Amino acid sequence: MSTPKIADQDEFDKVKNFRQHIVNGGEKNTSPVKLSSATTAADSASPAAGVIGEGQGFASNRLYRVMTVPLASTTLLMLVGTAGAIMSQSAVLTVPFTVFALLVLGVPSLCLVVLGFSAPRRTLQRLWQMQALGMVAIFLGITVVVPQGGIPEQMQLTWIGEFVVIAGASAMLVFTPGRAAIYAVVLSSVVFLIAVFWGSDGLQGSAVAAALRQIFYSAMFMCLPAALMRAGRILDETVDAAVVEARAQAEREARRSSQRAIRMLIHDSIIVAMLAYTTAIEKRSAKEQAREALRAIDRGLKDPDERRESSPEQLVRELRTLTTSLDPTARFHSSISGSDDYPHRAVRAVVESAAEALRNSVRHAPPEASVNREVHVKLSEELVEVLVLDDGPGFEPASIPSVRLGVRHGILGRMDSVPGGSAEVMSRLGYGTTVVLQWHRP
7 MSTPKIADQD
17 EFDKVKNFRQ
27 HIVNGGEKNT
37 SPVKLSSATT
47 AADSASPAAG
57 VIGEGQGFAS
67 NRLYRVMTVP
77 LASTTLLMLV
87 GTAGAIMSQS
97 AVLTVPFTVF
107 ALLVLGVPSL
117 CLVVLGFSAP
127 RRTLQRLWQM
137 QALGMVAIFL
147 GITVVVPQGG
157 IPEQMQLTWI
167 GEFVVIAGAS
177 AMLVFTPGRA
187 AIYAVVLSSV
197 VFLIAVFWGS
207 DGLQGSAVAA
217 ALRQIFYSAM
227 FMCLPAALMR
237 AGRILDETVD
247 AAVVEARAQA
257 EREARRSSQR
267 AIRMLIHDSI
277 IVAMLAYTTA
287 IEKRSAKEQA
297 REALRAIDRG
307 LKDPDERRES
317 SPEQLVRELR
327 TLTTSLDPTA
337 RFHSSISGSD
347 DYPHRAVRAV
357 VESAAEALRN
367 SVRHAPPEAS
377 VNREVHVKLS
387 EELVEVLVLD
397 DGPGFEPASI
407 PSVRLGVRHG
417 ILGRMDSVPG
427 GSAEVMSRLG
437 YGTTVVLQWH
447 RP
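The numbering used here numbers the first residue of the sequence shown as 7 and each following residue consecutively.
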């Protein structure tokens, strides 16, 4: 049976449909006997490589900075809001002590606001540590500058008492949760002792209630940064686990790709060259096959330039040369409707898969039979499509063992390994074979 003659490349799709109909034996409702790259996915599944990199505590660092700037800004706003109390109470607390307290609270907070999203996290932690420890120093300083019983009832715990909650929250950004809790208890205890021993009679009566209130509010505000930091750590651990798994998958995929390339090199070049000596018909080209095998080995030892691209015209010339070298009598048709170049990896997959299809057709043709072969190439901006047709004896694709390299790996597996690539082999005993190679631009 002869292949249909094509006068115009606009009939490209008709050829494909016609050959599929012929392979079906002319029955309209019979599914074609075919093997596609999708059906071989279970034979050699390839996990997609993930993004390679380290989590490196990104979520924790980001949340740390997100908490730092608002908390430091709140401290500055509270200083501005208590300016009146600061001025009026400076007579009791003394001016030098008031200036010292303002510097301890204001300078680190101002630096944290300015550097919150740019400075290293260690620098921010040191600034918070300065403020947290400075708060303890401030309260201890009250016992030095104010005589016992010298804090009037109307001053409550002085304007500095308003910042105990801020101190507890900042401690969570410096210490571990356990140490931060101890810090909050110690600071509240100091406040309680100041109220008892350095406050007036009215202030002493409310000392216990004030201390408990400070502990409650400190605990409440400490829970927020603690929860956010814990969420950041969990997210970082999840990301790190995903990165490790992605790296492992990429390494497995790289090994599979390397093994697949070696198998294809052996099958496409070395075995082909050796088989050239097995038949009298092919002995005339045996030397050329051997030279090509050596060139292929040399290319295989070098890293391919994945950035290199081929124009549609270059791809057509390479496929035409390939077709002529494998079967000088084969008919070749091409149609180009785009000008964009194609990536090197996709071009190599299409060319090598087409070569394998032609070699299989030539190798398995009966010696006494005259087999007609045609190669049809259709190129556009987004699609590369190649049809390799013959009217040979055909075969049953489903009967091919999974360990055979030719069809399953040399054609289907090779095209499936390229993003956007696919292949389909349609054949039936007595009705020839059609191989469809496609690459869609991702």
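Every residue gets a Cβ at the ideal spot worked out from N, C-alpha and C, and that includes glycine.
For clarity, every value in this text was computed on a predicted model and none was experimentally measured.
Q) Are the segment 165 to 183 and the segment 129 to 137 touching, with three or more C-beta to C-beta distances below 8 Å? A) Yes: the two stretches touch, three or more of their Cβ pairs being nearer than 8 Å.
Q | Residues sharing a beta bridge with Ala429, DSSP | A | In the sequence shown, the residue the question calls residue 429 occupies position 423. Leu443, per the DSSP bridge assignment.
Q) Between the Cα of Ala232 and the Cα atoms of Asp422, Asp396, Tyr70 and Val441, which residue gives the shortest distance? A) Residue 232 sits at position 226 when you count from the first residue of the sequence shown. When each option's Cα is compared against that of Ala232, the closest is Tyr70.
**Q.** Stretch-stretch touch, CB-based, cutoff 8 Å, three pairs: the segment 71 to 89 with the segment 123 to 133
**A.** The answer is yes - the segment 123 to 133 touches the segment 71 to 89, with three or more Cβ pairs under 8 Å.
Q. Between Pro349, Asn67 and Gly426, which lies nearest to Ser317 when the distance is taken from Cα to Cα?
A. Within the sequence shown, residue 317 is the residue found at index 311, counting from 1. Taking only the C-alpha atoms, the option nearest Ser317 is Pro349.
**Q.** Alpha carbon of Met421 to alpha carbon of Ala355, nearest angstrom
**A.** Taking the first residue of the sequence shown as 1, we reach residue 421 at position 415. Taking the first residue of the sequence shown as 1, we reach residue 355 at position 349. Distance from the CA of Met421 to the CA of Ala355, rounded to the nearest whole angstrom, comes to 6 Å.
(Q) Just to confirm my understanding: we take Val151, look at its own chain, exclude 5 residues before and 5 after, and list those with CB closer than 7 Å. What are they? (A) Indexing the sequence shown from 1 puts residue 151 at position 145. Taking C-beta separations shorter than 7 Å and ignoring five residues to either side along the sequence, the partners of Val151 in its chain run Leu99, Thr100 and Phe103, following chain order.
Q | Run of the alpha helix (DSSP H) containing Ile342, from where it starts to where it stops | A | Position 336 of the sequence shown, counted from the first residue, corresponds to residue 342. It is not in any alpha helix (DSSP H) - Ile342 instead sits in the beta strand (DSSP E) that spans Arg337 to Ile342.
Q) Whose C-alpha, out of Glu168, Ala143 and Leu241, is nearest the C-alpha of Val86? A) Within the sequence shown, residue 86 is the residue found at index 80, counting from 1. Nearest of Glu168, Ala143 and Leu241 to Val86, Cα basis: Glu168.
Q.
Nearest by alpha-carbon distance to Ile221: which of Ile342, Val245, Leu393 and Val196 is it?
A. Counted from its first residue, the sequence shown places residue 221 at position 215. The shortest Cα separation from Ile221 among Ile342, Val245, Leu393 and Val196 belongs to Val196.
(Q) Please tell me whether Gly426 and Asp396 are closer than 7 Å, where the distance is taken between their beta carbons. (A) Counting from 1 along the sequence shown, the entry for residue 426 is found at position 420. Counting from 1 along the sequence shown, the entry for residue 396 is found at position 390. Annotated as distal: Gly426 and Asp396, with beta-carbon spacing of 7 Å or more.
Q: Give a yes or no on whether the minimum CB-CB distance between Trp165 and chain D is below 7 Å.
A: Judged by its chain identifiers, the structure shown contains no chain D, having just a single protein chain.
Q: For the alpha helix (DSSP H) holding Val75, just list the boundary residues, first then last.
A: As a working mapping, residue 75 is identified with position 69 in the sequence shown. Residues Phe64 to Gly87.
Q: Please go through the same chain and pick out, in chain order, the residues whose beta-carbon is closer than 6 Å to the beta-carbon of Glu361, but skip the five residues on each side of it.
A: Locating residue 361 in the sequence shown gives position 355, where the first residue counts as 1. It should be pointed out that residue 361 corresponds to Ala in this sequence rather than to Glu. Residues of the same chain with a CB within less than 6 Å of the CB of Ala361, apart from the 5 flanking positions on each side, are Leu328 in chain order.
Q.
By the DSSP assignment, the alpha helix (DSSP H) with Val196 in it spans what residues?
A. By one-based count along the sequence shown, residue 196 stands at place 190. DSSP places Val196 in the uninterrupted alpha helix (DSSP H) bounded by Pro183 to Phe203.
Q) Any idea if Phe227 is buried or exposed, counting beta-carbon neighbours within 10 angstroms, 16 or more meaning buried? A) In the sequence shown, counting from the first residue as 1, residue 227 sits at position 221. Looking at its Cβ environment, which holds 16 or more other Cβ atoms inside 10 Å, Phe227 is buried.
Q | Three-state secondary structure (DSSP) of Arg434 | A | The residue you call residue 434 lines up with position 428 of the sequence shown. Reduced to three states, the DSSP call for Arg434 is coil.
Q.
Could you pull the DSSP bridge partners for Ser243 from this structure?
A. For the purposes of this step, residue 243 is identified with residue 237 of the sequence shown, where counting begins at 1. Here residue 243 turns out to be Glu, not Ser, going by the sequence shown. Within the DSSP secondary-structure output, Glu243 pairs in no beta bridge.
Q) Tell me, which residues are paired with Pro349 by DSSP? A) Looking up residue 349 in the sequence shown gives position 343. In DSSP, Pro349 forms a bridge with Glu315.
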